[in-house]
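**Student:** Each step along the sequence shown adds one to the number in the UniProt record's numbering, with nothing skipped, and position 202 is 202. Backbone N, C-alpha and C define an ideal beta-carbon position, used for all residues, glycine too.
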Amino acid sequence: MAFNEATHSTGQYHKVKCRSSQQQQLPPICLRSLSTPARPPATHPHAIMEVEQPLAAKTTAVDRGAGSLNPEASRLFRVYKTVSALLSKRGYMVSREMREMTPASFTQKFGEYPSREGLTILVEKADDENNQLFVFFPEDEKVGVKPIKILTDRMKDENVSNAILVLRGDITPFAKQAVLEMSDSFRIEHFKEAELLVDITEHTLVPEHQVLSQNEKQELLKRYRLRETQLPRIQPNDPVARYYGMRRGQVVKIIRPSETAGRYVTYRICM
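This is the structure in structure tokens:
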């Protein structure tokens with residue numbers, strides 16, 4: 001089930017909203033499947049239309065020059081670039097050096113054979129300097145409880161409650177359980193390196209996603225007189241939800257290109 005908005009593109013690119021004069025007698029909002037969105041009825045008398053320029057085509061984020069590095073350094077460079085983009089899209093302050101890093105500058109900074117420990121990142125939210133996040137690159141092929149304890153001790157010492165683990169291989173069941181038991185104090189996410197070799201949000205088949213703030217979520221529900229249960233769902237383990245670090249209850253706005261309407265907007269709630 002999906003809640004959607006249709007947006008329409010014309011020769012004029014000024015943002016406007018059109019509503020029926022019979023606004024007090026609006027029919028129930030139509031909920032359609034998100035997985036196979038239907039072409040939005042732009043001529044429907046109650047449709048909400050925004051006149052905007054159509055979306056531009058997406059391009060890959062990985063620097064093709066990574067091929068000039070040795071295989072291990074090339075792999076870490078690609079992962080590091082994806083992590084930098086992920087942090088930026090989550091609203092963290094990422095330095096220009098990280099955003100524009102090339103294979104040459106990566107080698108200059110981390111060496112020809114980089115140490116994973118040396119890749120550790122600490123960033124803070126652009127709108128909240130107290131909201132900090134560590135990115136750790138453990139050396140262990142399979143991360144157990146002991147490395148988790150060492151990392152959480154460092155987080156505690158530096159008063160940081162959020163972290164991402166970038167794993168060479170996997171994390172043991174006992175370590176996963178330890179992470180769950182510490183969830184009241186620390187939020188620790190984990191990705192395999194293989195999942196970060198390519199930035200999935202830059203793929204041409206993945207539409208644009210925007211995670212709404214709490215105020216934007218409440219405004220959406222109020223505007224369309226909806227309850228949270230009426231919004232379609234996105235699972236916390238969905239690849240894009242994991243990429244953006246979505247928490248239960250958060251709403252994401254999904255913007256798809258449309259042949260007839262320029263942009264087709266839908267919403268999902270993480271449950």
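What are the complete beta strand (DSSP E) segments, minimum 3 residues, inside the UniProt domain "RNA polymerase subunit H/Rpb5 C-terminal" (198-270)?
**Tutor:** For the UniProt domain "RNA polymerase subunit H/Rpb5 C-terminal" (198-270), whole beta strand (DSSP E) runs of length 3 or above, ordered along the chain, are 208-211, 251-258 and 262-270.
**Student:** Taking the runs of the beta strand (DSSP E) that are 3 residues or longer, which of them lie wholly in the region 91-141?
**Tutor:** Here the runs fully enclosed are 121-125 and 128-136.
**Student:** Considering only the beta carbon of each residue, do Thr201 and His190 sit closer than 8 Å?
**Tutor:** Cβ atoms of Thr201 and His190: not closer than 8 Å.
**Student:** Between the alpha carbons of Ser33 and Lys149, how many angstroms are there, rounded?
**Tutor:** Residue placement at Ser33 is flagged as unreliable, the pLDDT there being 38, under the threshold of 50; a coordinate-derived value is accordingly withheld.
**Student:** Compute the Euclidean distance between the alpha carbons of Val252 and Glu141, then round it to the nearest angstrom.
**Tutor:** One C-alpha to the other measures close to 34 Å.
**Student:** Just grab the DSSP bridge partners of Phe191 for me.
**Tutor:** Answer is Val166, bridged to Phe191.
**Student:** To which residues does DSSP link Ile171 through a beta bridge?
**Tutor:** Per DSSP, Val143.
**Student:** To which residues of the same chain is Gly169 closer than 6 Å at the C-beta, ignoring the five residues directly before and after it?
**Tutor:** Closer than 6 Å at the Cβ level, and outside the excluded window around Gly169, lie Glu141 and Lys142.
**Student:** Which residue comes first and which comes last in the alpha helix (DSSP H) that contains Glu72?
**Tutor:** Looking at the DSSP string, the run of the alpha helix (DSSP H) that includes Glu72 is Pro71 to Lys89.
**Student:** Does the distance from the CB of Gly144 to the CB of Phe106 come in under 8 Å?
**Tutor:** Against a cut-off of 8 Å, the Cβ pair of Phe106 and Gly144 comes out as no contact.
**Student:** Would you mind working out which of Glu72, Arg268, Pro239 and Met155 sits nearest Glu195, comparing C-alpha positions?
**Tutor:** The option with the nearest alpha carbon to Glu195 is Pro239.
**Student:** Can you tell me whether DSSP reads Val179 as helix, strand or coil?
**Tutor:** Looking at Val179 - three-state DSSP - the assignment turns out to be helix.
**Student:** Kindly indicate which residue of Gly249, Leu220 and Val94 has the alpha-carbon position closest to the one of Lys125.
**Tutor:** It is Val94.
**Student:** What does the Cβ neighbour count give for Pro103, buried or exposed, with the cut at 16 atoms within 10 Å?
**Tutor:** Counting Cβ neighbours within 10 Å, Pro103 comes out buried, since at least 16 surround it.
**Student:** Could you tell me the distance, in whole angstroms, from the CA atom of Val211 to the CA atom of Ile254?
**Tutor:** One C-alpha to the other measures close to 9 Å.
**Student:** Here's the rule: buried if 16 or more other CB atoms are within 10 angstroms of the residue's CB, otherwise exposed. What is Leu87?
**Tutor:** Its Cβ being crowded by 16 or more others within 10 Å, Leu87 is buried.
**Student:** Can you tell me whether Ser213 is buried or exposed, with buried defined as 16 or more other CB within 10 angstroms of its CB?
**Tutor:** Exposed.
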